[in-house]
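Engineer: Each step along the sequence shown adds one to the number in the numbering used here, with nothing skipped, and position 72 is 78. Just dropping this structure here.
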Amino acid sequence: MTTDLSEREISDRLLAFVRERFLSGDPGGELDEDSPLLEWGILNSINTALLVSHIRDEMGIDVAFETIAPRAFKSVRGLTSALRPHLAQA
Numbered sequence: 007m008t009t010d011l012s013e014r015e016i017s018d019r020l021l022a023f024v025r026e027r028f029l030s031g032d033p034g035g036e037l038d039e040d041s042p043l044l045e046w047g048i049l050n051s052i053n054t055a056l057l058v059s060h061i062r063d064e065m066g067i068d069v070a071f072e073t074i075a076p077r078a079f080k081s082v083r084g085l086t087s088a089l090r091p092h093l094a095q096a
């Protein structure tokens, strides 16, 4: 599946999803692209599965997540970077 989303849009959508789904909207405004998702406990196994599902179903990026290095999930910036090669694939 291809996507017409830019890296910026991917990052913004990932941030919005994480804020709304896992941080009750992030009322303190603490989450940014470089926030340590794993270190802060935002991503655990269930939340990671929900995030992957969101990327596939809502953003249209079909990628085998087993091929992405686990360190990519450390931050939104890391995940966006790991998704970069899949943005233009047919």
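Every residue gets a Cβ at the ideal spot worked out from N, C-alpha and C, and that includes glycine.
Just how far apart, CA to CA, sit Pro91 and Phe28?
Structural biologist: Going by the C-alpha atoms only, they are around 27 angstroms apart.
Engineer: From which residue to which residue does the alpha helix (DSSP H) around Asn53 run?
Structural biologist: Here the alpha helix (DSSP H) through Asn53 covers Ser51 to Asp63.
Engineer: Note the first and the last residue of the continuous alpha helix (DSSP H) segment covering Ala78.
Structural biologist: Unbroken run through Ala78: none, as it is neither H nor E.
Engineer: Taking the alpha-carbon of Glu15 as reference, which of Asn53, Leu43 and Met65 has the nearest alpha-carbon?
Structural biologist: Nearest of Asn53, Leu43 and Met65 to Glu15, Cα basis: Met65.
Engineer: Nearest to Glu26 by alpha carbon, out of Leu56, Ser12 and Leu44?
Structural biologist: Ranking Leu56, Ser12 and Leu44 by Cα distance to Glu26 puts Leu56 first.
Engineer: Kindly indicate which residue of Ser41, Asp68 and Asp18 has the alpha-carbon position closest to the one of Leu79.
Structural biologist: The identity of residue 79 in the sequence shown is Phe, whereas the question assumes Leu. Selected option, being the one with the closest Cα: Ser41.
Engineer: Applying the criterion that 16 or more other CB atoms from any shown protein chain within 10 Å of the CB defines a buried residue, is Ile67 buried or exposed?
Structural biologist: Buried, since its Cβ has 16 or more Cβ neighbours within 10 Å.
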